[in-house]
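Report on the structure given below.
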Ligand SMILES: [Zn+2]
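Residue numbers (our numbering): 628 to 925.
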């Protein structure tokens, strides 16, 4: 694990590169519809490690882990809730191995799918589930946890607290925003980028940001809004390779590595501190982003 924290590496204004897609990459490797992606950490660890290693080889400074749906609530759909600790620990360990000692593991923690406002679950139950996941990810070797694609502030805040209270990992929290008809960006629950970022920072997140839901162009306006609301917060961006177009039942993500890379200078100017990819991005996209940053800072 790197000696320096991500935040201190960002301190001197350096921009770091994160990894690309996991979900769509697992599908490329043969994950079938209805199959539990996270179970691959136990059953196909070699394939999972290949994904992580390919992003490191492409130049990523940090990689996520195959634990996005690793909460006990998500695993419950597959009858695997009792394996949450084992799966998350394995997920972090696999990424740790691929990251080596000079790159960070930012272990993925996605939403539980439960909505507090709807009374699906109590705050205590949500906290307990996130706590279990955070403990296991840290034990497996995570440097940071990346609480991501959140849409509700209350769930994100509980996840952040569960991380801050129970482990020493740096805490990243991103939300997914979509463009509304009025041209503003909101999460599914109606939260704006500035509201989301400020709530996450107040709850104790070290790094805030945005992932999924947009290609890299849409991310520029979101980052500008967050930067405006939180002038000093490090901002992480995981952009999709554009918005998917359904072609014959398959989602095709249209943006090429070159197209994404061409927007990197503007995204950096808007205030992004960490740039990586989400759905549809590949190691080629990450390599192009890395090269764009290297020539941008040269
Ligand atoms: Zn995505």
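Glycine included, every Cβ here is placed at the ideal spot set by N, Cα and C.
Quick caveat, the model's predicted, so the values are computed rather than measured.
Under the criterion of a Cβ to heavy atom distance below 7 angstroms, does residue i qualify as lining ligand 1?
i: residue 693; result: no
In this structure, how does DSSP classify residue i when only helix, strand and coil are distinguished?
i: residue 755; result: helix
i: residue 748; result: coil
i: residue 634; result: helix
i: residue 663; result: coil
i: residue 777; result: strand
i: residue 865; result: strand
i: residue 800; result: strand
i: residue 658; result: coil
i: residue 813; result: strand
i: residue 870; result: coil
i: residue 792; result: helix
i: residue 818; result: coil
i: residue 735; result: strand
i: residue 709; result: helix
i: residue 674; result: helix
i: residue 806; result: strand
i: residue 639; result: coil
i: residue 878; result: strand
i: residue 836; result: strand
i: residue 823; result: helix
i: residue 768; result: coil
i: residue 828; result: helix
i: residue 907; result: coil
i: residue 628; result: coil
i: residue 742; result: coil
i: residue 890; result: coil
Using only the heavy atoms of ligand 2, determine whether one of them is closer than 7 angstroms to the beta carbon of residue i.
i: residue 673; result: For the structure depicted, ligand 2 is absent and the ligand set comprises only ligand 1.
Quick one, which of the options has its alpha-carbon nearest residue i's?
i: residue 777; options: 792, 794, 799; result: 799
i: residue 656; options: 683, 885, 677; result: 677
i: residue 881; options: 843, 856, 902, 862; result: 843
i: residue 863; options: 649, 796, 689, 683; result: 689
i: residue 701; options: 669, 713, 740; result: 740
i: residue 869; options: 709, 888, 769; result: 888
i: residue 686; options: 730, 885, 907, 667; result: 730
i: residue 927; options: 877, 874, 898, 903; result: Lying before the first or after the last residue shown, residue 927 is absent from the chain, which here runs from 628 to 925.
i: residue 674; options: 907, 905, 659, 653; result: 653
i: residue 693; options: 633, 670, 706; result: 670
i: residue 901; options: 874, 833, 871; result: 833
i: residue 839; options: 890, 906, 796, 886; result: 906
i: residue 793; options: 814, 755, 854, 855; result: 755
i: residue 699; options: 877, 738, 679; result: 738
i: residue 630; options: 727, 651, 823; result: 727
i: residue 845; options: 820, 860, 859; result: 820
i: residue 651; options: 879, 899, 924, 886; result: 879
i: residue 684; options: 705, 725, 749; result: 725
i: residue 709; options: 681, 743, 760; result: 760
i: residue 822; options: 856, 757, 746; result: 856
i: residue 909; options: 752, 890, 865, 899; result: 865
i: residue 815; options: 773, 831, 791, 742; result: 742
i: residue 633; options: 795, 886, 659; result: 795
Does the beta carbon of residue i come closer than 8 angstroms to any beta carbon on chain B?
i: residue 893; result: In summary, chain B is missing from the structure at hand, where a single protein chain is found.
Query raised in the report: If you measure from each residue's Cβ to the nearest non-hydrogen atom of ligand 1, which ones come out under 6 angstroms, in chain order?
Result: Per the Cβ criterion, the list is 839, 867, 905, 906.
Query raised in the report: Is the stretch 833-850 touching the stretch 885-895, taking contact as three or more C-beta pairs under 8 angstroms?
Result: Output reads yes: the stretch 885-895 touches the stretch 833-850.
Query raised in the report: Any contact of the stretch 715-722 with the stretch 752-770, i.e. 3+ C-beta pairs under 8 angstroms?
Result: By the Cβ rule, the stretch 715-722 counts as touching the stretch 752-770, because three or more pairs are nearer than 8 angstroms.
Report task. Determine, using beta-carbon pairs with one atom in the stretch 900-918 and one in the stretch 645-663, whether at least three such pairs fall under 8 angstroms. Result -> These segments touch.
**Report entry** At least 3 beta-carbon pairs within less than 8 angstroms: the stretch 800-809 vs the stretch 773-787
**Finding:** Judged by Cβ distances under 8 angstroms, the stretch 800-809 makes contact with the stretch 773-787, as three or more pairs qualify.
Query raised in the report: Counting pairs of Cβ atoms below 8 angstroms between the stretch 916-925 and the stretch 651-668, do you hit three or more?
Result: As far as the Cβ criterion goes, the stretch 916-925 does not touch the stretch 651-668, which means the pair count is below three.
Requested in this report: Could you tell me whether the stretch 783-790 touches the stretch 812-830, using the rule of 3 or more Cβ pairs below 8 angstroms?
Outcome: Cβ pair count under 8 angstroms is three or more, so yes.
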